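Counting with UniProt numbering, you get residues 1 to 393 for the letters of the sequence shown. Here a beta-carbon is modelled for each residue, glycine too, at the ideal position from N, C-alpha and C. No experiment lies behind these values; they were computed from the predicted model shown. I have placed the structure first, in the form of structure tokens, so that the comments after it can refer back to it.
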Amino acid sequence: MQTPKVLVVFGTRPEAIKLSPLVAELKKRSDLETMVCLLRQQPRLAAQSLAQFGVEPEADIAFPFGNAGLFSNSLFKRIVSGFKILWGLFRFFRLVRKERPNLIVIQGDTSTALFTALLAYHLKIRVAHVEAGLRTHDKYAPFPEEMNRRLISAIADIHFASTEAAKENLLREGIDGSSIFVTGNTVMDAVRLIAERQENAEAEKLLDEFFRKTYNIDLSRTNGKMVFFTTHRRESFGKEMENIMRAVKALVDEHEDVFVVYPMHPNPNVIKTAHAVFRDSQRIRFIDSVRYDRYLFLLKKAHFIITDSGGLQEEISYFGTPTIVARNVTERSEGLSGGNLLLAGTDTERILEYALRLLRDHEFHASVSKKHAAFGDGHAAERIAKKIAEVLG
């Protein structure tokens, strides 16, 4: 009997981080043949993350869907970007048709995941969806991710939900309950693996030295409080993103003992707004998108966090750092009730109100500094790999 073949596909940094632990578990199994395809939607960031987990893709295909050229004012750049995407899709189609996997594994709600699901559907190949069932019930928030994941759910044959709430969302949409498995989120596996490597004085010293030498940021200083800040959501472009950034600027303007570490997203819309709002702010420290272990170190060291990220809301549950969610809705409601998330929306005053309270009210800060396992115990990949083997066996 031929060994069942599993093709794991991803193209962005979050997908690479969340699927690397699963790839490791699948490749341990002799009853499965596992192949990894990197569809390079975020080439450098995805490859950087794979290296952290020791994952080497068997196939590497350029798929620059997130390339700014596709949305450029230049007709030539749009044509070139469109051609590159079509060429990438053709190469991917040829690969899948040649390999004919028994199952394709995708994660989350990216354009990579949606295109892969559609291709698998047309080739009549089964799809397993990791992190299934997240919903805000607002098709424009997050945009386009909410609609991407709804469409993927309609195509997928196996649904690996992170939580019971995610499972309930799928059941309400008419998904067969026998195809849904609650496993926890594989990002917690990734966080656990990296955090365990950092649990010694030497590792922490090296991370401290990196930020001090590379960005002149002293994370061990006792006379200041570091706030970690990220924003990149497409639905926030324009006024809402400006509101979020103005809250951050007001925070550092009012408190000389606060400094902000901000890995600015490369999207031109984000850069333009950031330069306009933060041009006179001395205590906002811009950094590059850093390696995953360094990113987690910042989450751990922050006094609190301001973000519109979805994945960060899960990751931070491991450390319990208070986190202000600068979004109007969140699909990770498990972190709101009794957790460490504070849903503030995109109103400047509301975000600033939470931030000032976290700075000034020590009891309030302590009450939302809670580690919790709402998104998993760090062993989701083992459960998923085992279930895939059972289904294909």
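In its chain, beyond the 5 residues on either side, G378 have a beta carbon closer than 6 Å to the beta carbon of R192. In the structure shown, A161 falls within a strand segment according to DSSP collapsed to helix, strand and coil.
In the same chain as S49, and ignoring 5 residues on each side of it, the C-beta atoms closer than 6 Å to its own belong to R13, A16, I17 and Y292, in chain order. In its chain, beyond the 5 residues on either side, S153, A156, H159, F160, A161, A166 and L170 have a beta carbon closer than 7 Å to the beta carbon of A132.
Beyond the five residues adjoining it in sequence on each side, A120 comes within less than 6 Å, by CB distance, of I104 and V127 in the same chain, given in chain order.
When the five nearest sequence neighbours on each side are left out, the beta carbons in the same chain lying within less than 6 Å of the beta carbon of V325 are those of L341 and L343, in order along the chain.
In this structure V258 is in contact with R283, their Cβ atoms being roughly 7 Å apart against a cut-off of 8 Å.
Cβ neighbours of R234 within its own chain (closer than 7 Å, five residues either side excluded): F143.
A straight line joining the alpha-carbon of H372 with that of M188 spans about 11 Å. P21 sits away from T183, with the two beta carbons spaced by 8 Å or more. Residue burial annotation: T214 is exposed, with fewer than 16 other C-beta atoms found within 10 angstroms of its C-beta. When C-alpha distances from K239 are compared across M264, K27, I85 and T346, the shortest belongs to T346. A276 counts as exposed, since fewer than 16 other C-beta atoms from the protein chains shown sit within 10 angstroms of its C-beta. Look at T307 here: in three-state DSSP terms it is strand.
In the structure shown, R357 falls within a helical segment according to DSSP collapsed to helix, strand and coil.
With respect to the 8 Å criterion, A59 and L95 are classified as neighbours on the basis of their beta carbons. With a 10 Å radius around the Cβ and a threshold of 16 neighbouring Cβ atoms, N243 comes out buried. Comparing alpha-carbon positions, the option among A274, T112, G177 and Q2 lying closest to V8 turns out to be T112.
The straight-line gap separating the alpha-carbon atoms of N267 and Y318 is approximately 28 Å. Spatial neighbours of R327 in its own chain (CB-CB distance under 6 Å, excluding positions within 5 residues in sequence) are listed in chain order as D308. For P101, the CB contacts under 8 Å within the same chain, skipping 5 residues up- and downstream, are K5, V6, L7, M35 and I125 in chain order.
Scanning its chain for C-beta atoms nearer than 7 Å, with the 5 sequence neighbours on each side dropped, one finds around E334 the residues T163, A165, A374 and F375, in chain order.
Rounded to whole angstroms, the gap between the alpha carbons of P322 and T330 is 16 Å.
Straight through space, the alpha carbons of R40 and W87 are spaced by roughly 12 Å. In this structure, M226 sits near K301, with a CB-CB distance shorter than 8 Å. A check of alpha carbon separations from E315 across I306, L296, F304 and H303 identifies L296 as the nearest.
Separation of I175 and F286 (C-alpha to C-alpha, rounded to the nearest whole angstrom) is 44 Å. Pairing R91 with K98, the inter-Cα distance amounts to about 11 Å. For D280, the closest of V270, V248, S289 and G311 by C-alpha to C-alpha distance is V248.
F364 has its alpha-carbon roughly 51 Å from the corresponding atom of K84. In this chain, V130 is not harboured by any alpha helix (DSSP H); it is covered by the beta strand (DSSP E) spanning R126 to A132.
For a cut-off of 8 Å, the C-beta gap from H129 to I106 is around 6 Å, short enough to register as a contact.
DSSP places E33 in the strand class (E or B) of the three-state scheme.
A straight line joining the alpha-carbon of R360 with that of F229 spans about 19 Å.
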